[in-house]
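In the numbering used here, the protein residues as written are 932 to 1115.
Virtual Cβ for every residue (Gly too), placed ideally from N, Cα, C.
Everything on this sheet refers to the single structure shown next.
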(Lines of atoms letter the chains of each structure in order from A and count residues from 1; the text may use other names and numbers.)
(Lines give C-alpha, C1' and ligand atoms only; values in the text may rest on other atoms or scores of the structure.)
Protein backbone atom coordinates (compact mmCIF):
# COMPACT_ATOMS: atom_id res chain seq x y z
CA UNK A 1 0.00 0.00 0.00
CA UNK A 2 1.27 3.47 -0.81
CA UNK A 3 2.41 5.52 2.17
CA UNK A 4 0.95 8.92 1.38
CA UNK A 5 -1.71 11.15 2.80
CA UNK A 6 -5.34 10.12 2.28
CA UNK A 7 -6.05 13.51 0.67
CA UNK A 8 -3.45 12.85 -2.03
CA UNK A 9 -4.74 9.33 -2.64
CA UNK A 10 -8.39 10.52 -2.91
CA UNK A 11 -7.29 13.36 -5.19
CA UNK A 12 -5.52 10.81 -7.38
CA UNK A 13 -8.61 8.57 -7.46
CA UNK A 14 -10.86 11.53 -8.34
CA UNK A 15 -8.46 12.55 -11.11
CA UNK A 16 -8.47 9.04 -12.60
CA UNK A 17 -12.26 8.75 -12.50
CA UNK A 18 -12.60 12.22 -14.05
CA UNK A 19 -10.37 11.10 -16.92
CA UNK A 20 -12.36 7.87 -17.34
CA UNK A 21 -15.61 9.87 -17.38
CA UNK A 22 -14.25 12.17 -20.07
CA UNK A 23 -13.06 9.17 -22.12
CA UNK A 24 -16.48 7.52 -21.92
CA UNK A 25 -18.28 10.78 -22.76
CA UNK A 26 -16.01 11.30 -25.77
CA UNK A 27 -16.64 7.72 -26.90
CA UNK A 28 -20.41 8.25 -26.64
CA UNK A 29 -20.19 11.63 -28.40
CA UNK A 30 -18.26 10.19 -31.34
CA UNK A 31 -20.72 7.31 -31.62
CA UNK A 32 -23.66 9.75 -31.53
CA UNK A 33 -22.01 11.99 -34.12
CA UNK A 34 -21.55 9.08 -36.50
CA UNK A 35 -25.21 8.15 -36.09
CA UNK A 36 -26.83 11.59 -36.21
CA UNK A 37 -24.63 13.84 -38.41
CA UNK A 38 -25.43 12.94 -42.03
CA UNK A 39 -22.09 13.95 -43.68
CA UNK A 40 -20.20 11.42 -41.58
CA UNK A 41 -22.12 8.36 -42.82
CA UNK A 42 -21.91 9.84 -46.35
CA UNK A 43 -18.12 9.86 -46.01
CA UNK A 44 -18.27 6.14 -45.32
CA UNK A 45 -20.30 5.54 -48.48
CA UNK A 46 -18.55 7.89 -50.95
CA UNK A 47 -14.80 7.43 -50.28
CA UNK A 48 -12.57 4.37 -50.56
CA UNK A 49 -11.22 4.54 -46.98
CA UNK A 50 -14.75 5.21 -45.84
CA UNK A 51 -16.07 2.16 -47.66
CA UNK A 52 -13.41 -0.03 -46.07
CA UNK A 53 -14.30 1.33 -42.63
CA UNK A 54 -18.01 1.00 -43.42
CA UNK A 55 -17.61 -2.69 -44.22
CA UNK A 56 -16.16 -3.17 -40.76
CA UNK A 57 -19.01 -1.22 -39.21
CA UNK A 58 -21.66 -3.15 -41.14
CA UNK A 59 -20.18 -6.47 -40.09
CA UNK A 60 -20.66 -5.54 -36.45
CA UNK A 61 -24.08 -3.93 -36.55
CA UNK A 62 -26.18 -3.95 -33.44
CA UNK A 63 -29.72 -2.91 -32.73
CA UNK A 64 -29.92 0.35 -30.73
CA UNK A 65 -31.99 -1.27 -27.99
CA UNK A 66 -29.32 -3.90 -27.41
CA UNK A 67 -26.65 -1.18 -27.22
CA UNK A 68 -28.66 0.64 -24.54
CA UNK A 69 -29.17 -2.60 -22.60
CA UNK A 70 -25.45 -3.35 -22.75
CA UNK A 71 -24.61 0.21 -21.67
CA UNK A 72 -27.03 0.02 -18.73
CA UNK A 73 -25.71 -3.39 -17.68
CA UNK A 74 -22.12 -2.21 -17.99
CA UNK A 75 -22.84 0.91 -15.93
CA UNK A 76 -24.52 -1.08 -13.18
CA UNK A 77 -21.79 -3.71 -13.07
CA UNK A 78 -18.98 -1.13 -13.04
CA UNK A 79 -20.57 0.88 -10.24
CA UNK A 80 -21.31 -2.27 -8.24
CA UNK A 81 -17.82 -3.72 -8.65
CA UNK A 82 -16.16 -0.40 -7.89
CA UNK A 83 -18.19 0.06 -4.70
CA UNK A 84 -17.49 -3.55 -3.70
CA UNK A 85 -13.76 -3.11 -4.27
CA UNK A 86 -13.62 0.10 -2.22
CA UNK A 87 -15.61 -1.63 0.56
CA UNK A 88 -13.41 -4.75 0.50
CA UNK A 89 -10.14 -2.80 0.42
CA UNK A 90 -11.31 -0.73 3.38
CA UNK A 91 -11.69 -4.01 5.28
CA UNK A 92 -8.19 -5.17 4.36
CA UNK A 93 -8.80 -7.39 1.33
CA UNK A 94 -6.15 -7.53 -1.37
CA UNK A 95 -7.01 -8.46 -4.95
CA UNK A 96 -3.44 -8.56 -6.25
CA UNK A 97 -3.63 -12.37 -6.44
CA UNK A 98 -6.10 -12.02 -9.35
CA UNK A 99 -3.45 -10.71 -11.76
CA UNK A 100 -1.92 -14.03 -12.92
CA UNK A 101 -5.33 -15.75 -13.14
CA UNK A 102 -6.81 -12.91 -15.18
CA UNK A 103 -3.84 -12.82 -17.53
CA UNK A 104 -3.98 -16.58 -18.07
CA UNK A 105 -7.73 -16.34 -18.67
CA UNK A 106 -7.17 -13.59 -21.21
CA UNK A 107 -4.68 -15.81 -23.06
CA UNK A 108 -7.25 -18.63 -23.13
CA UNK A 109 -9.85 -16.22 -24.56
CA UNK A 110 -7.36 -15.09 -27.18
CA UNK A 111 -6.65 -18.67 -28.22
CA UNK A 112 -10.38 -19.43 -28.28
CA UNK A 113 -10.98 -16.44 -30.55
CA UNK A 114 -8.22 -17.60 -32.91
CA UNK A 115 -9.82 -21.04 -33.08
CA UNK A 116 -13.18 -19.43 -33.89
CA UNK A 117 -11.61 -17.57 -36.81
CA UNK A 118 -10.56 -20.80 -38.48
CA UNK A 119 -13.30 -23.08 -37.17
CA UNK A 120 -16.45 -21.03 -36.57
CA UNK A 121 -18.43 -22.50 -33.74
CA UNK A 122 -22.12 -22.21 -33.01
CA UNK A 123 -24.30 -19.90 -31.00
CA UNK A 124 -23.57 -21.72 -27.74
CA UNK A 125 -19.82 -21.23 -28.17
CA UNK A 126 -20.27 -17.52 -28.80
CA UNK A 127 -22.46 -17.25 -25.69
CA UNK A 128 -19.84 -19.06 -23.60
CA UNK A 129 -17.06 -16.91 -25.04
CA UNK A 130 -18.99 -13.69 -24.38
CA UNK A 131 -19.99 -14.74 -20.86
CA UNK A 132 -16.44 -15.72 -19.94
CA UNK A 133 -15.14 -12.48 -21.45
CA UNK A 134 -17.57 -10.49 -19.33
CA UNK A 135 -16.51 -12.37 -16.18
CA UNK A 136 -12.83 -11.87 -16.92
CA UNK A 137 -13.25 -8.15 -17.49
CA UNK A 138 -15.30 -7.89 -14.28
CA UNK A 139 -12.26 -9.42 -12.58
CA UNK A 140 -10.02 -6.88 -14.29
CA UNK A 141 -12.23 -4.03 -13.04
CA UNK A 142 -11.82 -5.28 -9.46
CA UNK A 143 -8.08 -5.87 -9.95
CA UNK A 144 -7.40 -2.49 -11.57
CA UNK A 145 -9.56 -0.64 -9.04
CA UNK A 146 -7.54 -2.33 -6.28
CA UNK A 147 -4.36 -1.20 -8.05
CA UNK A 148 -5.80 2.31 -8.32
CA UNK A 149 -6.43 2.41 -4.59
CA UNK A 150 -3.16 0.82 -3.46
CA UNK A 151 -0.41 0.57 -6.02
CA UNK A 152 -0.48 3.29 -8.66
CA UNK A 153 1.54 6.38 -7.82
CA UNK A 154 0.16 9.86 -8.31
CA UNK A 155 2.11 10.20 -11.58
CA UNK A 156 0.53 7.01 -12.98
CA UNK A 157 -2.92 8.58 -13.39
CA UNK A 158 -2.98 8.16 -17.18
CA UNK A 159 -2.03 4.47 -17.01
CA UNK A 160 -4.65 3.91 -14.28
CA UNK A 161 -7.35 5.69 -16.30
CA UNK A 162 -6.51 3.84 -19.51
CA UNK A 163 -6.49 0.43 -17.81
CA UNK A 164 -9.90 1.00 -16.21
CA UNK A 165 -11.28 2.51 -19.43
CA UNK A 166 -10.21 -0.56 -21.40
CA UNK A 167 -11.76 -2.84 -18.77
CA UNK A 168 -15.06 -0.96 -19.05
CA UNK A 169 -15.06 -0.92 -22.86
CA UNK A 170 -14.19 -4.62 -23.07
CA UNK A 171 -16.92 -5.48 -20.55
CA UNK A 172 -19.38 -3.46 -22.65
CA UNK A 173 -18.33 -5.28 -25.83
CA UNK A 174 -18.59 -8.69 -24.16
CA UNK A 175 -22.08 -7.89 -22.86
CA UNK A 176 -23.04 -6.47 -26.25
CA UNK A 177 -22.01 -9.68 -28.01
CA UNK A 178 -23.82 -11.79 -25.42
CA UNK A 179 -27.04 -9.78 -25.77
CA UNK A 180 -26.76 -9.87 -29.56
CA UNK A 181 -26.51 -13.67 -29.57
CA UNK A 182 -29.38 -13.98 -27.10
CA UNK A 183 -31.51 -11.66 -29.25
CA UNK A 184 -30.90 -13.60 -32.47
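Asked                                                                                           : Found
Inter-residue spacing [alpha-carbon to alpha-carbon] between residue 1050 and residue 938       : 53 Å
Burial state of residue 1102, where buried means 16 or more other Cβ atoms lie within 10 Å      : buried
Of the listed residues 935, 977 and 1002, nearest to residue 962 (C-alpha basis)                : 1002
CA-to-CA distance, residue 1073 to residue 997, given in whole angstroms                        : 25 Å
Closest by C-alpha distance to residue 1112, when choosing among 1080, 980 and 1056             : 1056
Residue from 945, 951 and 1059 with nearest C-alpha to residue 896                              : Since the displayed the chain opens at 932 and closes at 1115, residue 896 lies outside it and no answer follows.
Any 3 or more C-beta pairs closer than 8 Å across the region 1034-1049 and the region 1088-1104 : no
Short Cβ contact (8 Å threshold) for residue 1079 with residue 1095                             : yes
With 16 other Cβ atoms within 10 Å as the buried cut-off, status of residue 943                 : buried
Member of 951, 1115 and 1085 whose CA lies at the smallest distance from the CA of residue 935  : 1085
Beta-carbon proximity check, residue 1064 vs residue 1040, cutoff 8 Å                           : yes
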